[in-house]
Each structure stands twice: as C-alpha cells, then as structure tokens.
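Residue numbering for the sequence shown follows full-length UniProt numbering, beginning at 1 and increasing consecutively.
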Amino acid sequence: MKIKKLTPRLWSGVLLLWATAAFAVAAAEEGAAQFNPLHHLGGNGQWFPGPDVWGLGSSLPAGCGVQRVAFLARHGSRFPDAGAWAEWVALGEKIHAANFSTRTPELHFLHTWHPVLTDPASQLTNLSRTGKAELSAMGAAYRARYPALHPSAFSANNNTTTPPLALFANAYAPSPRVLDSAQLFARAYLGRSNTNSTHAGTIYLINATAPYPALSGNSLAPTDACPRYVDNSGGSAKDAWDAAWAPQAAGRLNALLDGGLAFAAEDVSTMAYLCGFESQILGRVAAWCGVLTGEEVLAYERAQDIRYWFGSGPGNGVGKAAMRGVLGGVLGWLGGGSGGGGDGSAVGGQRLLPLFANDGQIAQMVAALDVFADGEAPALNTTVQKRGNGTFRSSHFVTMRGTVTLELWGCSASNSSSSSSSSSSSSSSSTSPSSVSALPTFVRVLLNDAPYPLPYCAGGPGRTCELAELVRYVEAKRAAEGGFQGVCGLDDEGDGEAVPFFEDVERGVGEGWMWGVGV
Numbered sequence: 001m002k003i004k005k006l007t008p009r010l011w012s013g014v015l016l017l018w019a020t021a022a023f024a025v026a027a028a029e030e031g032a033a034q035f036n037p038l039h040h041l042g043g044n045g046q047w048f049p050g051p052d053v054w055g056l057g058s059s060l061p062a063g064c065g066v067q068r069v070a071f072l073a074r075h076g077s078r079f080p081d082a083g084a085w086a087e088w089v090a091l092g093e094k095i096h097a098a099n100f101s102t103r104t105p106e107l108h109f110l111h112t113w114h115p116v117l118t119d120p121a122s123q124l125t126n127l128s129r130t131g132k133a134e135l136s137a138m139g140a141a142y143r144a145r146y147p148a149l150h151p152s153a154f155s156a157n158n159n160t161t162t163p164p165l166a167l168f169a170n171a172y173a174p175s176p177r178v179l180d181s182a183q184l185f186a187r188a189y190l191g192r193s194n195t196n197s198t199h200a201g202t203i204y205l206i207n208a209t210a211p212y213p214a215l216s217g218n219s220l221a222p223t224d225a226c227p228r229y230v231d232n233s234g235g236s237a238k239d240a241w242d243a244a245w246a247p248q249a250a251g252r253l254n255a256l257l258d259g260g261l262a263f264a265a266e267d268v269s270t271m272a273y274l275c276g277f278e279s280q281i282l283g284r285v286a287a288w289c290g291v292l293t294g295e296e297v298l299a300y301e302r303a304q305d306i307r308y309w310f311g312s313g314p315g316n317g318v319g320k321a322a323m324r325g326v327l328g329g330v331l332g333w334l335g336g337g338s339g340g341g342g343d344g345s346a347v348g349g350q351r352l353l354p355l356f357a358n359d360g361q362i363a364q365m366v367a368a369l370d371v372f373a374d375g376e377a378p379a380l381n382t383t384v385q386k387r388g389n390g391t392f393r394s395s396h397f398v399t400m401r402g403t404v405t406l407e408l409w410g411c412s413a414s415n416s417s418s419s420s421s422s423s424s425s426s427s428s429s430s431t432s433p434s435s436v437s438a439l440p441t442f443v444r445v446l447l448n449d450a451p452y453p454l455p456y457c458a459g460g461p462g463r464t465c466e467l468a469e470l471v472r473y474v475e476a477k478r479a480a481e482g483g484f485q486g487v488c489g490l491d492d493e494g495d496g497e498a499v500p501f502f503e504d505v506e507r508g509v510g511e512g513w514m515w516g517v518g519v
C-alpha cells in the first residue's frame, strides 16, 4: 500500500508569519520555573529524566506489578563527529581572526575560547565521560527499579544457575559508541567490572544491511536497508523556521559587538549545539549556554522538534512503518511468547530486554508506537496548552541516552477493569518472574522515564494499554502499510514475517549477521 508522505513544504509558508509571536509564547510557557537551557536542546542535550507532562506519576496502581520490561536506548553523551568538529574549529578561527570588543559580560569569554577537545583523533564520535557515567547510572537504576526482573532473582526463584543476560545493539560502523553504551549498562546492571564478574552477559551486534536483515527489516536499524527511506533532517520546514529566528538572534548578538566580528545565522545554531556538547564534555555548564536568550534556546529546540518530526519521527511515514516490525517483535516477547518460532535461547529466561541504537531509531520507535498520533507537526504547536503535555518535544526523549521503555504490567482482575490512578508506594514494584502472563496484562510507555498514555489505547490502570489491544493495533497498521517490504518497495523474496532477531540468535550468529561480544 502506498503511504502518503507528510511533506514539510505544507508547513513552511506559515512559519515566517508567527515566529516573533512564538518567541513570546515560548517564554510564557516556562512560567516562573528556573530555565535550564540544557533541557531544551533536542537531540544535542545530555540525558535528564523527562518531565511528567501528563501528571500520571511513576507509581503503579495498587494490585499491579511489572512482569517484563523492554527498552530501546540511544547511546550516551558523546564527542562531536568530524563534521560538527569542523564547524567548531571554523567558528573559533573566525572569532580569533577578528579584532573586536564586547558590550556584555556574557560574551567576554570569546576572546579566550577554543574548541575543547584535547585529542580529536581519539575522541571524535566516541562517548565522553558524561556519556559513560549516564550508561553506568542507567544500569544501576534499572537494577534498583526492577529487582525481581534481575537474572539473580530469576535463578533464586527457580533454584537454577543465574542465566546470562542477552543485550542487543545496532552494529554502528562509524563509531563503537552504541556497543560501548550497551557494555557500560550491562556491567552496572549485572554487577560486573572489568576484573570482577558476578553475572554473565553477552551483547549481540546486528548488521542491519546484511542480506537477511536487509530483506526483512529484522534489525535495530531497519531503515538502513530501506531504499524508500529518506531522513531529510526537517527539510524545508526546518529551513523556514531557522530563517525566521536565527537571523534575529544573530542580529541581537552583533549589536553587542564592536569591531570586526559579526556572526551569521548559521553560527547561532552552532552556539546552541556547543552549549549542549561542551557542557557534557567539560562536566559543567558551558559559557555558550549564556550567549542565547531563553527565547532563542526555545526557538532552537523548536528547530530540533521539526528536524526529528519530519526527519525520522511521526512526519516520516516510511520510517515509522519500517520500525513497526521491530515493535511487533518486542510486544510478542513482552507477552511471553517466542513471536515466531525462533530458537529463543538467548532471551527465553530473562525478563529484561535491553536494545541499543541511535537517535533516529528512538524517534522511529516513538513514531511506530503513535505516541503523538493525535498531535500536530511541531512547527504549528504555538500555544502554551499544546506545548504542555501531548506535544512532540524532542528534548524529552531524543536526548543522549534517550530511552523508550515498555513495561508489561500484570494487574488483578478488579484493577484491570478500571483506569484508577491510585498508586502504591513503590514506583515500579515488580512481581516474581514466574508470574508472567498469570494476570491481565497492560503496557505502559515511558519516554526518558516519564509515562505517556497512548492516544488510541489508554483504558487500562494508570492510563495503560491492554497488551492484546496494542498488539492488534500494531498488526493492523502493519497490514495497512504493507509491512517492511511493502513500505520499502522490496521484492517478495525476503521474509516479511521474520522471527525477531533477539529470538533468532542461533541463526544470526550462524549466518554471520549477528555476533556476540562479552560484557
């Protein structure tokens, strides 16, 4: 079935007309709360817990417990790639080639500023110290949050040897940062250091463009093998928005400079990028974070929203359709089944399914879940009310270490028929692993740890979605879209109903498109 493309050209014509008004709205929506620019940088900000925009709280309703958890996480905070680094160097050269003075203390640092990397050859694209700390903290947090799902709890309940934990990561060729993130998480979660091991684990890397995954979309980066997929980074909508706000910001800054230095509109976006990256590289708020006003930072955040909405999120119909196969496999695993007849040996005994990839896959998974199915493109979200809860806001989930978590809840019959929000004292009380599927089951979606109801399915306790209803929804969408092969325009020789890769490890390793790396 042909999918109608959501083109950013439809929105670009109106952006220039209301840019100034949008600045005032953006400022108002922050209210009296202290403004933190690091929480408004889209995909270029370090991880922080997402705000509870729906007011659902983290606690589970009485009578409910977590039975299984799957998550898809982005790698941790990193150093820039080569292209961004070149922009930093060029900006530094531009500044130091000019004879200028400043009229405000916030710009005095320009006289001594230099890009902060100390060894670009070894640092570029790799995890920073902050990124490493983010993943270690994540591992410890998941172990504390879901103690009954830990491998040691499973073995204790069944009087068996602790099973190894299988984790899965996209084999991202340009950098080891995805693999490194998975290893750091696993070591903290399992209680393992480089020299001391208490629980075993293996990270399986998947080559998304190998013949079998490429024909079936059976990987953590299915669009890498999809000929019809194009990430346009926001396209003309983002270009129009940047033209609406960045020249104004550059003009304001240039009015604070005397002499031969003048910033261009494109420099302003680099400044916001530097605010995020330098802060996490240095471990303190960078001076660049004080250069732009709060309104300008929020305008940059809106640019990031447009970039992800149209580039790899809900506005890219091919991307979200291609990811639905992966989502379907995860839902099958949550339900306790093998999902298609694979050997299942790697994941059959575990109750946590950790998956690691990049920012594009995070946006695609959010889109595949249709978390924002009833929302508008971010370019048109100008009211405080819409920006308050259900609006697509990339800073809330596509950050470094951004995470989409699916919790499977088992709830007593009396609770499962009600959407009561009464909660227990535990934020995520987990049940014995042996009780999987023994109770009515529901799925809660967390974006950077904050709960989000699904707009089409929120009748369960705590506005969760019944697992069976969610499975039906995803299957219907896949059928309408034509599956991975249909949406990507591939021949029928592939396996359109492939066994999920995490339950087909034996085949993957045997055929060479998957390989294991020790924790």
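Where a beta carbon is used, it is the ideal one built from N, C-alpha and C, also for glycine.
In the displayed model, PRO451 falls within a strand according to three-state DSSP.
If you look at VAL53, you'll find it isn't in any alpha helix (DSSP H); DSSP assigns it neither H nor E. By the neighbour-count criterion, in which 16 or more other beta carbons inside 10 Å mark a residue as buried, ASP180 falls on the buried side. When C-alpha distances from PHE442 are compared across ARG463, ALA133, THR112 and ASN448, the shortest belongs to ARG463.
If you ignore the 5 residues before and after HIS150, its C-beta comes within less than 7 angstroms of the C-beta of ARG143, all in its own chain and listed in chain order. For GLY234, the three-state secondary structure derived from DSSP is coil. Minimum Cα-Cα distance from LEU72 among the listed residues MET138, GLY336, HIS114 and LEU56 corresponds to MET138. Counting every other CB atom within 10 Å of its CB across the protein chains shown gives ASN218 a total of 16 or more, marking it as buried. Per the coordinates, the alpha-carbon of ILE306 lies some 31 angstroms from the alpha-carbon of LEU353.
LEU256 sits in coil when the DSSP states are folded into three classes, being neither helix nor strand. When Cβ pairs closer than 8 angstroms are counted between the two stretches, the region 307-322 is seen to touch the region 225-232, the count reaching three or more.
Judged by beta-carbon spacing, GLY131 lies beyond the 9 angstroms limit of GLN361, meaning their Cβ atoms are not closer than that value.
Straight through space, the alpha carbons of ALA249 and ALA237 are spaced by roughly 19 angstroms.
Selection GLY43, PHE484 and THR202 evaluated against VAL347 yields THR202 as nearest (Cα-Cα). Comparing alpha carbon positions, the residue from LEU261, ASN207, LEU334 and ALA476 closest to HIS108 is LEU261. Beta-bridge partners assigned by DSSP to ARG324: none are found. When DSSP states are grouped into helix, strand and coil, GLY201 belongs to the strand group. Straight across, the Cα-Cα distance linking GLY290 with ALA171 is about 37 angstroms.
Per DSSP, the unbroken beta strand (DSSP E) holding MET514 starts and ends at 514-518.
Contact fails between the region 39-50 and the region 96-103, because fewer than three Cβ pairs, one in each stretch, are under 8 angstroms apart. Secondary structure at ARG307: helix, using DSSP grouped into helix, strand and coil. Unbroken alpha helix (DSSP H) stretches of 4 residues or longer found wholly inside the region 86-149: 120-123 and 129-145, given in chain order. The straight-line gap separating the alpha-carbon atoms of ARG74 and ILE95 is approximately 34 angstroms.
Here the alpha carbon of LEU274 sits roughly 41 angstroms from the alpha carbon of VAL509. Collapsing the DSSP output to three states places CYS275 in a helix. Counting other Cβ atoms within 10 Å of its Cβ, GLU134 reaches 16 or more and is therefore classed as buried.
DSSP places ALA221 outside both helix and strand once states are collapsed to three, so it counts as coil.
DSSP places VAL445 within a strand segment (E or B) once states are collapsed to three. The Cβ-Cβ distance between TRP288 and SER394 does not fall below 9 angstroms.
Per DSSP, reduced to three states, the secondary structure at VAL474 is helical. DSSP places GLU407 in the uninterrupted beta strand (DSSP E) bounded by 403-411. Following the DSSP letters along the chain, one finds PRO211 inside the alpha helix (DSSP H) bounded by residues 211-216. Beta-bridge partners of ASN358 (DSSP): none assigned. Under DSSP, VAL69 shares a beta bridge with LEU352 and GLU407. In the structure shown, CYS457 adopts extended strand secondary structure according to DSSP, grouped into three states. In this structure, DSSP gives ALA153 a helical state, which the three-state scheme calls helix.
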